[in-house]
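Trainee: Chain order of the listed sequences is A and B. Note that my numbering has the first sequence beginning at 137, numbered continuously upward. Note that my numbering has the second sequence beginning at 685, numbered continuously upward. By construction, the Cβ of each residue, glycine as well, lies at the ideal position given by its N, Cα and C atoms. This is the structure I have questions about; it appears just below.
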Amino acid sequence: MTERKYRDEINKLTFEQAIHQLKDIVSKIEQGEIPLQDSLDQYEKGMALIKHCRDILQKAEKRIEKISKEEPPESEKGREDAEPLLGG
Amino acid sequence: MGAAAYNGFRAMWLPLEGRSLEMFMQTQMQTRTKIYTVTQVNALIKEVLDTTLPAWITVKGEITDWKEHGSGHRYFCLKDEESVLPCAMWRTSFAKVKFKPANGLAVVVSGNIDLYVPQGRYKLIVEEMMPAGMGALQLAFEQMVRKLEAEGLFSDAHKKPLPKYPQRIGILTSESGAAVHDIADSVHNRWPCTRLYLYPVPVQGPGAAEAIAAAIADVNRRNEKLKLDVLIVGRGGGSLEDLWAFNEEVLARAICASRIPIISAVGHEVDVTVADLVADARASTPTKAGVVAVPNVEDVLSELVHQEKRLTGSMRARHDISCEYLRTVLASAVFRTPLLPVLNREQHLDDLAWDLGDAMRTIFIQTQKLMQDYREQVARIEPHRLLGRMMVELNELRSRSLAAVTRVLSGRELKITAGENRLAALNPRSVLNRGYSITTNKQTGQVVRTAADVRTDDLLVTELANDNLIESRVTTKIDKG
């Protein structure tokens, strides 16, 4: 039940966010900052986060896509040309 | 020695040029008497070089075999198509060189030829070094670095932190070069879960810098959709001229302006470009891009395992502590013997009952004893004997009183009989026995004493002895009275 509760929320997280949350949960449980019942919930969330991270890592993309050049819109084009160099 | 020795040398070697072997052998015999030490020979050569070569010589060549010694001195060779010239540059001279000499770099150097006697080797001792051919670019590079550095473009304040776990990486490089594969492999070997997006750009020639700068701006503008975590901008090794696009100001400013962190990966280890200086991080070559851009998946996996162990471990510990706490609570007297308070009171009650029983028994025993005492006292009194005595006395009194009464009664009886006799003599009816009678008027019931007591026709009753009665009627009254 609890895992299902967290799943949608967790699936939206980036790897970095997920591992950050995970570390947060681990240290909270380790320091006994949260009551037992909450820590059980947090434990399940932690395990779901670990699964999410593993899923990301196991997606071996190993491919290269090509970004095609996109002409900037006309309005920006003129400005682009005239854009002063930073601090120039 | 000096000139004489020099002439001797010349005499020794000149015969080889055009003269007969015989003549040469002859000359040999003449000079053979003189024996030189190695040092003398080297010193002789040094003397010759010092006196015959110009003291200041300028040489153009390409640097090769460049060595930087710990002492700060530099040792290298200059070469051209056919020949190699060993060179040394002392620390104090090298300190004045503003650019970074490296293998393959064409330079113009000035100094003097010197022979190092202990080894019999000569070197060009370089005092000045200037880039050759690329001198203008080099100068431009140095000027650019100084300018941008003064503006603070290379300062850490401009450096954006790299994402720790990039999922989408943009690569800005040539589609045809080897760099794109070097970069892709170096990233994917360490971190296979990332997606790479190649933005093809020219990396050398006129307009390359502008094209790369435009690409960086384009990607930044479209990053809402592209969602790139980091960009790698680079190319493979080449001449300073080939890499020049990465030293141009327009690219430097585009890199600085990028909101997406940028890693530069240009040329070989030794090549440092302006792009490297301004980028948020630098990979020394395209093949090192992965090390800079992404973590090692193995490390991250073991970190995950570590976190998992900590999580389950701490959870288990937490659970154990709670269980232990529960056990402690359950082991407390309240739960172990919940009836204890009741039992305690029961025991108290028992004690009281016991005390009460004791008290009752004591009272009972005391009472019994008291009764016993009384019984004994009573027994000592002997009432039956007392009663017996009293009975005897009583009997005696009764017989005495009986005798007395009998005596009195006997006297009284005698008197009564005498009286009776007298009384009987006085009874009117006893007169009757002697012939007297008593007449009574039946109407009035009065004894008839005189004639006046009766009227004619009255009925009279006359009583005689032995209760005989006669009724008679008055017929005549004779009153004489």
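Considering only the alpha carbon of each residue, which of B/E1147, B/G1041 and B/V981 lies closest to B/N1117?
Mentor: B/E1147
Trainee: Please list the partners that B/P970 has in chain A, where partner means a Cβ-to-Cβ separation under 8 Å.
Mentor: Chain A residues near B/P970: none, gap ~14 Å exceeds 8 Å.
Trainee: Exposed or buried, B/W740, counting other C-beta atoms within 10 Å across all chains shown (16 or more means buried)?
Mentor: exposed
Trainee: Would you please verify whether the beta carbon of A/M137 is less than 9 Å from any beta carbon of chain B?
Mentor: Since pLDDT at A/M137 reaches only 48, below the 50 mark, its modelled position is unreliable, and the value read off the structure follows with that caveat. Not closer than 9 Å to any Cβ of chain B, the Cβ of A/M137 fails to qualify, so no.
Trainee: State the beta-bridge partners of B/M813 as determined by DSSP.
Mentor: B/V793
Trainee: Applying the criterion that 16 or more other CB atoms from any shown protein chain within 10 Å of the CB defines a buried residue, is B/T776 buried or exposed?
Mentor: exposed
Trainee: Tell me the DSSP bridge mates of B/L769?
Mentor: B/L762
Trainee: If you draw a straight line from the C-alpha of B/Y1009 to the C-alpha of B/L1024, how long is it?
Mentor: 22 Å
Trainee: Assuming B/P884 and B/E859 are in contact, meaning their beta carbons sit under 8 Å apart, how far apart are those beta carbons, in whole angstroms?
Mentor: Their Cβ separation, rounded to whole angstroms, is 4 Å, which keeps B/P884 and B/E859 in contact under 8 Å.
Trainee: For A/G182 versus B/L995, is the C-beta distance shorter than 9 Å?
Mentor: yes
Trainee: Count the other CB atoms, across all protein chains shown, that sit within 10 Å of the CB of B/Y849; report buried if there are 16 or more and exposed otherwise.
Mentor: Answer is buried; the Cβ neighbour count reaches 16.
Trainee: Here's a check: name, in chain order, each residue in its chain whose Cβ is nearer than 7 Å to the Cβ of B/C761, leaving out the five neighbours to either side.
Mentor: T748, D749, V768, L769, P770 and C771
Trainee: Spatial neighbours of B/G756 within its chain, please: C-beta separation below 6 Å, excluding the five flanking residues on both sides.
Mentor: R775
Trainee: Cutting at 8 Å between CB atoms, please list the residues of its own chain near A/L221, excluding the five before and the five after it.
Mentor: At A/L221 the pLDDT is 33, less than 50, meaning the model places this residue with poor confidence; the figure from the coordinates comes in the next sentence. Hits under 8 Å: none found.
Trainee: Distance check for B/V781 and A/E219, CA to CA, integer angstroms please.
Mentor: At A/E219, the pLDDT of 35 sits below 50, so the modelled position is not reliable; the number obtained from the coordinates is stated separately. So the two alpha carbons sit approximately 37 Å from each other.
Trainee: Determine the extent of the alpha helix (DSSP H) in which A/T150 is found, giving its start and end residues.
Mentor: Per DSSP, A/T150 belongs to no alpha helix (DSSP H) and is neither H nor E.
Trainee: Name, please, each residue of chain A whose Cβ falls closer than 7 Å to the Cβ of B/V981.
Mentor: L193
Trainee: Give me the chain B residues within the contact set of A/T179, using Cβ-Cβ distance strictly less than 7 Å, ordered along the chain.
Mentor: In the sequence under discussion, the amino acid at residue 179 of chain A is Tyr, which differs from the Thr named in the question. What A/Y179 touches in chain B: L995 and M999.
Trainee: Using a Cβ-Cβ cut-off of 9 Å, state whether A/I155 counts as contacting chain B.
Mentor: At least one chain B Cβ lies under 9 Å of A/I155.
Trainee: Under 9 Å Cβ-Cβ, which residues of chain A neighbour B/K848?
Mentor: F151, E152 and I155
Trainee: Could you tell me whether the Cβ of A/K159 comes closer than 9 Å to any Cβ of chain B?
Mentor: yes
Trainee: For the putative contact between B/L856 and B/I797, defined by C-beta atoms under 8 Å, what is the C-beta separation to the nearest angstrom?
Mentor: About 49 Å; that fails the 8 Å criterion.
Trainee: Nearest to A/E145 by CA position, among A/L185, A/E152, A/H156 and A/I161, is which residue?
Mentor: The residue from A/L185, A/E152, A/H156 and A/I161 with its alpha-carbon nearest to that of A/E145 is A/L185.
Trainee: Say whether chain A places a C-beta atom closer than 9 Å to the C-beta of B/G854.
Mentor: yes
Trainee: Output the distance between the C-alpha atoms of B/Y720 and B/L737, rounded to the nearest integer angstrom.
Mentor: Taking the straight line from one Cα to the other gives about 24 Å.
Trainee: Following the continuous alpha helix (DSSP H) through B/Y883, name the residue where it begins and the one where it ends.
Mentor: No alpha helix (DSSP H) holds B/Y883; the beta strand (DSSP E) holding it covers R879 to P884.
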